[in-house]
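A.B. asks: Per the numbering used here, the sequence shown starts with residue 12, numbered consecutively. In this text, a Cβ means the ideal position worked out from N, Cα and C, and glycines have one as well.
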Amino acid sequence: MNLATLYKKAMNFEFLSLEEGMFLFQQSPLTELMYVANELRKKQVPHGKVTWQIDRNVNTTNVCIANCKFCNFYRIPGHAEAYITDMPTYRKKIE
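Okay, structure coming up:
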């Protein structure tokens, strides 16, 4: 496995395996990843228009009574770590 082969695979819009992705994450210089990403963007959006999205998931509360087996986030009402965000704090988080 080498970086040039993986860059070429990415430039051809081929899926990378988990191992290939980990190799890129651990071995590729950030500037090279940025270059490849920009080249891919130019292929997909050839008119030079660049957009981005700021995505935030601001939780207003972690209080829940569903008791889902997979959830490690929730707290039951009255728990010491339970919270409900007040409006001033919520506004501050989303600014």
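Check whether the segment 33–41 touches the segment 65–72, counting contact only when three or more Cβ pairs, one atom from each stretch, lie closer than 8 angstroms.
C.D. replies: no
A.B. asks: Mind reading off the beta-carbon distance from A93 to N73? Whole number of angstroms is fine, and I expect it under 8 angstroms.
C.D. replies: 6 angstroms
A.B. asks: To the nearest whole angstrom, what separates the beta carbons of L35 and L17, a pair I think is in contact under 8 angstroms?
C.D. replies: 6 angstroms
A.B. asks: My assumption, with CB atoms under 8 angstroms, is that V47 sits in contact with M22. Please give the rounded CB distance.
C.D. replies: Indeed, because the Cβ distance is near 7 angstroms, the residues count as touching under 8 angstroms.
A.B. asks: Starting from V64, trace the alpha helix (DSSP H) both ways and give me its first and last residue.
C.D. replies: A small correction: the amino acid at residue 64 is Gln; Val does not occupy that position in the sequence shown. From DSSP, Q64 is part of no alpha helix (DSSP H); its letter is neither H nor E.
A.B. asks: Can you tell me whether T100 is helix, strand or coil according to DSSP?
C.D. replies: helix
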